[in-house]
Amino acid sequence: MSKRLHSSQFSAISRRAVLQAVGAGAALAGTAAFPGRLFAQEPIKVAAIYTVPVEQQWVSRIHKAANIAKDRGDIEYVFSENVSNSDYERVMREYCEAGHKLVIGEVFGVEDASRTVADDYPDTAFLMGSSFKPDEAHPNFAVFDNYIQDASYLSGIIAGAMTKSRNIGMVGGFPIPEVNRLMHAFMAGAREVAPDIKFQVAFIGSWFDPPKAKETAFAQIDAGADVMYAERFGVSDAAQERGLLAIGNVIDTQADYPETVVASALWHFEPTLDHAIAQVKGGSFKADDYGIYSFMKHGGCSLAPLGTFEGKVPDDIMAMVSEKEKAIKDGSFTVEINDEEPKSS
Numbered sequence: 005m006s007k008r009l010h011s012s013q014f015s016a017i018s019r020r021a022v023l024q025a026v027g028a029g030a031a032l033a034g035t036a037a038f039p040g041r042l043f044a045q046e047p048i049k050v051a052a053i054y055t056v057p058v059e060q061q062w063v064s065r066i067h068k069a070a071n072i073a074k075d076r077g078d079i080e081y082v083f084s085e086n087v088s089n090s091d092y093e094r095v096m097r098e099y100c101e102a103g104h105k106l107v108i109g110e111v112f113g114v115e116d117a118s119r120t121v122a123d124d125y126p127d128t129a130f131l132m133g134s135s136f137k138p139d140e141a142h143p144n145f146a147v148f149d150n151y152i153q154d155a156s157y158l159s160g161i162i163a164g165a166m167t168k169s170r171n172i173g174m175v176g177g178f179p180i181p182e183v184n185r186l187m188h189a190f191m192a193g194a195r196e197v198a199p200d201i202k203f204q205v206a207f208i209g210s211w212f213d214p215p216k217a218k219e220t221a222f223a224q225i226d227a228g229a230d231v232m233y234a235e236r237f238g239v240s241d242a243a244q245e246r247g248l249l250a251i252g253n254v255i256d257t258q259a260d261y262p263e264t265v266v267a268s269a270l271w272h273f274e275p276t277l278d279h280a281i282a283q284v285k286g287g288s289f290k291a292d293d294y295g296i297y298s299f300m301k302h303g304g305c306s307l308a309p310l311g312t313f314e315g316k317v318p319d320d321i322m323a324m325v326s327e328k329e330k331a332i333k334d335g336s337f338t339v340e341i342n343d344e345e346p347k348s349s
């Protein structure tokens, strides 16, 4: 199975060092927050641009948070889905021209172009999923990511207790930091229970290709995996068909796989978006890293309820999970953030 990124993704990652260097070299003095006069009164106009369907795990959480803010009356919300990288810049500009004051989305494959748009529309705030850090040269461009390593670690503890073969299969989209850190945290959690556990790691080269993810999962199951880490849609289907277990990622799919999905690490985008809305309304939006708002201590992630698996996970394991969760929240334990590509072991 190929582990290479699409060319646009590879270019985005290889440019990280360049953008970070620019950010480090930019003069910090004189970098101010957005002038208050640039922002509309309540509700503010928000637009989102997604490269995949809103049903996709990662995007669905952003979409959900935006709809909650819309229902509260804080924002007006419109969105575009399935936008290709080649069209992304055009759609960004169209929303800016339409007067939207906050544009959210994911720019992993169009990092340079998205910042160029931000330069051209200094009166618009941009909050974008990105592998890069904020760059003070672009004061209206903030970044976020799903730093849900805390919940992933806890789900790994459960997986380590549920595997009988001590062999776990892991199927991801691309080996980029957004995926890598969650896989590493999950693996670390599993090793807390079973230090000798083995992992099969594969990437399908797509954010949304359930058939390919399912095919990859079948191959790992045939190679001995009895618990699957479902970073992508399609993996839980393979586990269900073979009568095995799966661990979910970002969203809770247990209702769809009641006898398969034991636990899931959930991402809650609400703290991230709510902070951005407040900054826009207060006239203080600036280049910043919103990643911390995905941490468990900020309410940005959680372990999904066990549901149908309540009582099926050993009590001592759930006690360990509760203890670790408490330690994560009070700061006495920190889950390592490892963005390097995970390997099979």
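Residues in the sequence shown are numbered consecutively from 5, following the working numbering. Glycine residues also receive a C-beta, built at the ideal position from the N, C-alpha and C atoms.
- Looking at Ser210, Ala165, Ser169, Asp213, the one whose alpha-carbon comes closest to that of Phe190 is Ala165.
- Ile161 is not a Cβ neighbour of Ala229, given a cutoff of 8 Å.
- At a Cβ-Cβ threshold of 8 Å, Ile251 and Ala267 count as neighbours.
- Asn171 carries a strand assignment under DSSP once its states are collapsed to helix, strand and coil.
- Per DSSP, the continuous beta strand (DSSP E) segment holding Phe145 begins and ends at 145-148.
- Under the Cβ criterion (8 Å, minimum of three pairs), the stretch 199-216 does not count as touching the stretch 139-153.
- Contact between Tyr99 and Val107 is confirmed by a C-beta separation of about 6 Å, below the 8 Å threshold.
- The straight-line gap separating the alpha-carbon atoms of Thr312 and Ile79 is approximately 37 Å.
- Secondary structure in the stretch 192-243: the alpha helix (DSSP H) runs of 4 residues or longer, each lying completely within the stretch, are 214-226 in chain order.
- Nearest to Gln224 by C-alpha distance, out of Tyr297, Ser349, Ser159, Glu345, is Ser349.
- Rounded to the nearest angstrom, the gap between the Cα atoms of Ile48 and Lys285 is 8 Å.
- Secondary structure at Glu344: coil, using DSSP grouped into helix, strand and coil.
- With contact defined as three or more Cβ pairs closer than 8 Å, the stretch 107-124 and the stretch 235-246 are not in contact.
- Around the C-beta of Lys316, fewer than 16 other C-beta atoms lie within 10 Å, and the residue is accordingly described as exposed.
- Segment contact: the stretch 227-241 against the stretch 132-142, fewer than three CB-CB distances shorter than 8 Å; contact not assigned.
- Between the alpha carbons of Pro179 and Pro346 lies a gap of roughly 8 Å.
- DSSP places Gly315 outside both helix and strand once states are collapsed to three, so it counts as coil.
- Bridge pairing for Ser306: Leu270 [DSSP].
- With at least 16 other beta carbons inside 10 angstroms of its own, Ala155 counts as buried.
- DSSP assignment within the stretch 99-132 yields the following whole beta strand (DSSP E) runs of 3 residues or more, N-terminal first: 106-110.
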